[in-house]
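For the sequence shown, the residue numbers in our numbering are 354 to 669.
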Amino acid sequence: MKILGTGSALPKITLTNDMLTQYFDTSDAWISSRTGIKQRQVMSDEHLEDLAAKACQQALENAGLKASDLDFIICSNVLDEFISPNLACRVQGLINADCPCIHVNGACAGFIFALSMAEAYLNSHMAKHILVVAAEMPSRMVDWTERGTAVLFGDGAGAVVVGEGSQLKAMRLSTKSAIDCLYQKQYINSTPFDTQEANKISSLQMDGREVFKLAVSASMKDIKELLADCQLKQEDIKHYLLHQANTRILDSICLHLKEDKSKFHQNIQRTGNTSSASIPILLDELHREGKLQQGDYLILSAFGAGFSTGSCLLQW
């Protein structure tokens, strides 16, 4: 598998830490010292499919392809305005594609899981060009009176077009059942036959300390296993693109690996945690800035609710 093109899109409204003080008791110093985040973009009158379509169109243009060239669309997404039809189907219509579409909910690790599906379709010769898009609006999942979670998230979309090639060297996927540390329940209509009270609408629930421990240990395990799979050393890796959840998590992984901090790219200061969209957004930024050179080894690694992790090693 090879990445042929990248794209990304962010909402038009930028919400700074200082602006959050009107919603709850907080400060820029409190937020930035604990998360590294200075601002994030949030959706207002926009629709998620429009944001996703913009990222997809950029990726197609960057790849030198048309929507009619696509054989499959895979969309990673957690929360959407629609239960059905899924986001991938609606994006397909907006970009004028004519191919099968599928939805993946792998939480913040969803983009890597979607890439693994794309690789399987390519290897089985079911497709030649696949659009993988992650589009998220976690700002709609949090309680906006609770600073512990509301300060963390931003909305956005990132996309890649992938095709046949040998860029992907190894991939690791895992899930360790740890539901209670990070979850959100969904409202379900009741029926006359219910024997228990129906779920009420709830906001995101997170045990920050437990998530921190799981994220650091799982990411380090994945990275070391990828290196072993490819018979590479840490010094061979030029770029680490990790899920942009919290600078403390990113810094801790870097510290435990005893790696050069400059290899661990971050944009969380400007975007916040955009869930599964964080890695493709960051990848698109680095690609367009010319920071990824031919032959460079990259590790992409994400973690999320489940507790699931996905990581892959690429040679650009």
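Just so it is clear, CB atoms sit at the ideal spot from N, CA and C, and this is done for glycine as well.
Sort the options by Cα distance to residue i and report the nearest one.
i    : options                   : result
F703 : C534, I426, T379 and I634 : Not covered by the structure: residue 703. The range shown for the chain is 354 to 669.
A531 : T367, T662, R387 and F377 : T662
V457 : I427, F435, H609 and V444 : I427
W497 : I634, E550, Q375 and L635 : Q375
L585 : I436, Q668 and L423       : Q668
K407 : G459, D451, L484 and A473 : L484
S386 : S615, L645, T600 and L610 : T600
L368 : A382, N430 and D508       : D508
W383 : A405, M354, V395 and L505 : L505
I455 : N449, E434 and A487       : A487
L594 : R443, K566 and L645       : L645
K529 : Q520, S543, K574 and Q445 : K574
D560 : Q537, L653 and S629       : Q537
I576 : E550, H609 and P545       : H609
In three-state DSSP terms, what is residue i?
i    : result
M559 : strand
H478 : coil
F466 : helix
T624 : helix
M524 : strand
D452 : For the sequence presented, residue 452 should be read as Cys rather than Asp. Of the three classes helix, strand and coil, the one that applies to C452 here is coil, per DSSP.
A487 : strand
H609 : helix
Would you mind giving the Cβ-Cβ distance between residue i and residue j, rounded to the nearest angstrom? I have them listed as a contact below 8 Å.
i    : j    : result
A512 : G360 : 5 Å
C461 : A655 : 6 Å
Where does residue i land, buried or exposed, given buried means 16+ other C-beta within 10 angstroms?
i    : result
I541 : exposed
D613 : exposed
S615 : exposed
F464 : buried
P438 : exposed
R500 : buried
D547 : exposed
Q597 : buried
T627 : buried
R562 : exposed
Would you please verify whether the beta carbon of residue i is less than 8 Å from any beta carbon of chain C?
i    : result
D508 : Among the chains in the structure shown there is no chain C, since it carries only a single protein chain.
### contact_flag[the stretch 378-396, the stretch 607-624] where n(CB pairs < 8 Å) is 3 or more
In short, these stretches touch, since the Cβ pair count reaches three.
Q) If we count Cβ pairs, one from each stretch, closer than 8 Å, do we get three or more for the stretch 401-415 versus the stretch 370-385? A) Segments in contact, no.
Counting Cβ pairs closer than 8 Å, one from the stretch 512-530 and one from the stretch 470-479, do we hit at least three? Contact between the stretch 512-530 and the stretch 470-479 is present, because at least three Cβ pairs lie under 8 Å.
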